[in-house]
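This report concerns only the one structure given below.
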Amino acid sequence: MGKSEDIELQQPPRQTADAACDATSDCLDLKEAPFSKNTLDVSCVNAADLDIQERSLESQNRESAVALPPADGGVQAWSFLAFAFILEGITWGLIFSYGIFQDYYTHNPPFNTSSETAIAAVGTVSLALQYMGLIFMVTILERWPHIRKGVMWASLALCCGSLVVASFATKVAHLIITQGILFGLGGAALYAAVLILFSEWFVRRRSLAGSIMFGGSGLGGAIFPILLNILLQKMGWRWTLRIWALGTAIPGGIAVWCVKGRIPIVKNQPSQVKPVSLSFLRAPLFIAISATLFIQAIAYFPVSLYMPTYTTALGFSIVDGTLSLTVFNLASTTGQLIFGHICDRAPYIRVMVFSAAGSALSAYLLWGFGHSLSLVFLFVIIFGGLGGGFFAIGPAASTDVAGTEHSNSVIFGAFLLVKGFAVILGPILATRLHDPHALIIPGSARNFGGYGFTTVTLFVGGMMVAATAGSIVSMGVRRWVPKT
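Using this note's numbering, read the sequence shown as starting at 1203 and increasing by one per residue.
This is how it looks when you write it as structure tokens:
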């Protein structure tokens, strides 16, 4: 079995029911997995029953001693992270690449007669549901952990099936239901399970590991647009969706099959299920960070949405527009890795301030005066790296807010819910501010804005300034306001 210090035994109950609960928690080292407080939910029996159960538990301890694999390292932890990276790319990468579909749907039948707003709603609905549905799925899977694997398989099937059904669409409404709603719901459920399991494997290196996992969406958002462009031009949109469904099913199925939790699951009885506490919603630190995340996301997503449009408005080719989005997503992935590594070693609040302030400066100086292709690419690299890396603070911030009283994964899901509202509101505001009929100004370095994006640029920069202020307020709240 190995050395005694490598084995974590379930302790038999002693004297009181409370002691029995403490012993059960200690047996699986739950302190190393603060995200998953409900992963193992063993009932606390009445004191009168303890004598009867003590002898049977003592014999079970000898037969079923559990040796937990190490957290934060080792083959099993890094293997999990690799499969989580794949699932991250599957669930988020396609949504982040929807701009390619949007451009194709807008200019090709049978959807080219529909409004641009309706076509854009497909991607917006999918992304918003995936963000906003996470907290609800995390709450469900925290309370009933034994259904996680089944939910993952069902969610993957829903994602793939929705793309196949979408390939038979004849109206934009069909796309909204399939490629939008169904894919978003499937992605939310699949990612929620991954998020909970991730919290079991990484504790001290959670920010870095989280950034690596998040990099799956950034890498997918960088590579997928190129692949989708090729498929759409050669195969058409119907076969592109079908091929993509197959390309999602194969690696996704392998990842779901191989991904495993660190802590064994004991199936709960219905009477033993404990509700997930949401009292953290009143915590000043949670409110301050959530407000800052919301403001930052409102500014970030319009840039990712309109950068290809801005590039082509300058007179450059569609290929250049696609490349600008690819570079933007790659820079975002790099920023997440760098900031995630920093958050494991320095206060995450400082990362928030630096990221937001740098994003504001790049929006005003680089995008505002970005009348050449070289400045456009310089802007997407800097803004994408700084702005995209902002959410690398998520794991560290959720751990800080959670303390010892709450589930980190639920708080992280709440942060993503806030981000989901920003995903909806940000593009709507940007669409209202963008003026496609504005006169194109001469390409002079002295001219700020232009090409219909002057107001959008000012809005993005202003929101990033507000996010900087929110980060400073969060720093003050964390330092001086006691946790509730």
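Built from N, CA and C at the ideal position, the CB exists for glycine as well.
For the alpha helix (DSSP H) containing residue i, list its first residue and its last residue.
{"i": "residue 1408", "result": "1408-1460"}
{"i": "residue 1621", "result": "1610-1635"}
{"i": "residue 1566", "result": "Premise fails: residue 1566 is in no alpha helix (DSSP H) and is neither H nor E."}
{"i": "residue 1388", "result": "1385-1403"}
{"i": "residue 1314", "result": "Per DSSP, residue 1314 belongs to no alpha helix (DSSP H) and is neither H nor E."}
{"i": "residue 1351", "result": "1350-1368"}
{"i": "residue 1381", "result": "Residue 1381 -> no alpha helix (DSSP H), and no H or E assigned at all."}
{"i": "residue 1602", "result": "1596-1604"}
{"i": "residue 1658", "result": "1656-1682"}
{"i": "residue 1649", "result": "Here residue 1649 belongs to no alpha helix (DSSP H), and DSSP marks it neither H nor E."}
{"i": "residue 1280", "result": "1277-1290"}
{"i": "residue 1573", "result": "Element bounds for residue 1573: n/a, residue is neither H nor E."}
{"i": "residue 1489", "result": "1486-1515"}
{"i": "residue 1301", "result": "1300-1309"}
{"i": "residue 1524", "result": "1520-1545"}
Tell me which residues share the same chain as residue i and place their Cβ nearer than 8 angstroms to its Cβ, disregarding the 5 neighbours each side in the sequence.
{"i": "residue 1627", "result": "1500"}
{"i": "residue 1560", "result": "1584 and 1588"}
{"i": "residue 1683", "result": "1486 and 1487"}
{"i": "residue 1555", "result": "1670, 1673, 1674 and 1677"}
{"i": "residue 1300", "result": "1324, 1325, 1328 and 1329"}
Could you pull out every residue in the same chain whose Cβ sits closer than 7 angstroms to the Cβ of residue i, ignoring the five residues on either side in sequence?
{"i": "residue 1533", "result": "1582, 1583, 1586, 1587 and 1590"}
{"i": "residue 1354", "result": "1392, 1395 and 1458"}
{"i": "residue 1384", "result": "1360 and 1364"}
{"i": "residue 1565", "result": "1585, 1659, 1662, 1663 and 1666"}
Please identify the residue among the options whose C-alpha is closest to the C-alpha of residue i.
{"i": "residue 1551", "options": "1303, 1529, 1491 and 1291", "result": "1491"}
{"i": "residue 1507", "options": "1289, 1396, 1682 and 1658", "result": "1658"}
{"i": "residue 1362", "options": "1319, 1449, 1431 and 1281", "result": "1449"}
{"i": "residue 1489", "options": "1599, 1303, 1570 and 1297", "result": "1599"}
{"i": "residue 1481", "options": "1322, 1618, 1520 and 1610", "result": "1610"}
{"i": "residue 1369", "options": "1566, 1570 and 1437", "result": "1437"}
{"i": "residue 1525", "options": "1451, 1425, 1541 and 1563", "result": "1425"}
{"i": "residue 1522", "options": "1564, 1431 and 1462", "result": "1431"}
{"i": "residue 1655", "options": "1631, 1667 and 1666", "result": "1631"}
{"i": "residue 1546", "options": "1316, 1517 and 1409", "result": "1409"}
Our contact map puts residue i next to residue j with C-beta atoms below 8 angstroms; I'd like the distance itself, whole angstroms only.
{"i": "residue 1613", "j": "residue 1604", "result": "5 angstroms"}
{"i": "residue 1568", "j": "residue 1577", "result": "6 angstroms"}
{"i": "residue 1496", "j": "residue 1330", "result": "The pair is not a contact, with the Cβ atoms about 13 angstroms apart (cut-off 8 angstroms)."}
{"i": "residue 1280", "j": "residue 1422", "result": "Contact doesn't hold; Cβ gap of about 20 angstroms is too wide."}
{"i": "residue 1343", "j": "residue 1394", "result": "6 angstroms"}
{"i": "residue 1415", "j": "residue 1290", "result": "5 angstroms"}
{"i": "residue 1358", "j": "residue 1454", "result": "5 angstroms"}
{"i": "residue 1308", "j": "residue 1629", "result": "With a Cβ gap of about 15 angstroms, residue 1308 and residue 1629 do not count as contacting."}
{"i": "residue 1407", "j": "residue 1274", "result": "5 angstroms"}
{"i": "residue 1390", "j": "residue 1335", "result": "3 angstroms"}
Count the other CB atoms within 10 Å of the CB of residue i; is the residue buried (16 or more) or exposed (fewer)?
{"i": "residue 1460", "result": "exposed"}
{"i": "residue 1347", "result": "buried"}
{"i": "residue 1175", "result": "The requested residue 1175 does not occur in the structure, where the chain is confined to residues 1203 to 1686."}
{"i": "residue 1277", "result": "exposed"}
{"i": "residue 1256", "result": "Because residue 1256 carries a pLDDT of 41, less than 50, the predicted location of this residue cannot be relied on, and the following value inherits that uncertainty. Classification for residue 1256: exposed."}
{"i": "residue 1314", "result": "exposed"}
{"i": "residue 1311", "result": "exposed"}
{"i": "residue 1483", "result": "exposed"}
{"i": "residue 1691", "result": "In the structure as shown, the chain begins at 1203 and stops at 1686. Residue 1691 is therefore absent and cannot be evaluated."}
Please go through the same chain and pick out, in chain order, the residues whose beta-carbon is closer than 6 angstroms to the beta-carbon of residue i, but skip the five residues on each side of it.
{"i": "residue 1775", "result": "It is not possible to answer for residue 1775, since the shown part of the chain is limited to 1203 through 1686."}
{"i": "residue 1324", "result": "1377, 1378, 1381 and 1382"}
{"i": "residue 1633", "result": "none"}
Closer than 7 angstroms, CB to CB, is residue i near chain B or not?
{"i": "residue 1584", "result": "As a matter of chain content, chain B is missing from the structure shown, which is built from one protein chain."}
Taking 6 angstroms as the cut-off, is the CB of residue i close to at least one heavy atom of the ligand SAM?
{"i": "residue 1320", "result": "This structure does not include the ligand SAM; it has no bound ligands of any sort."}
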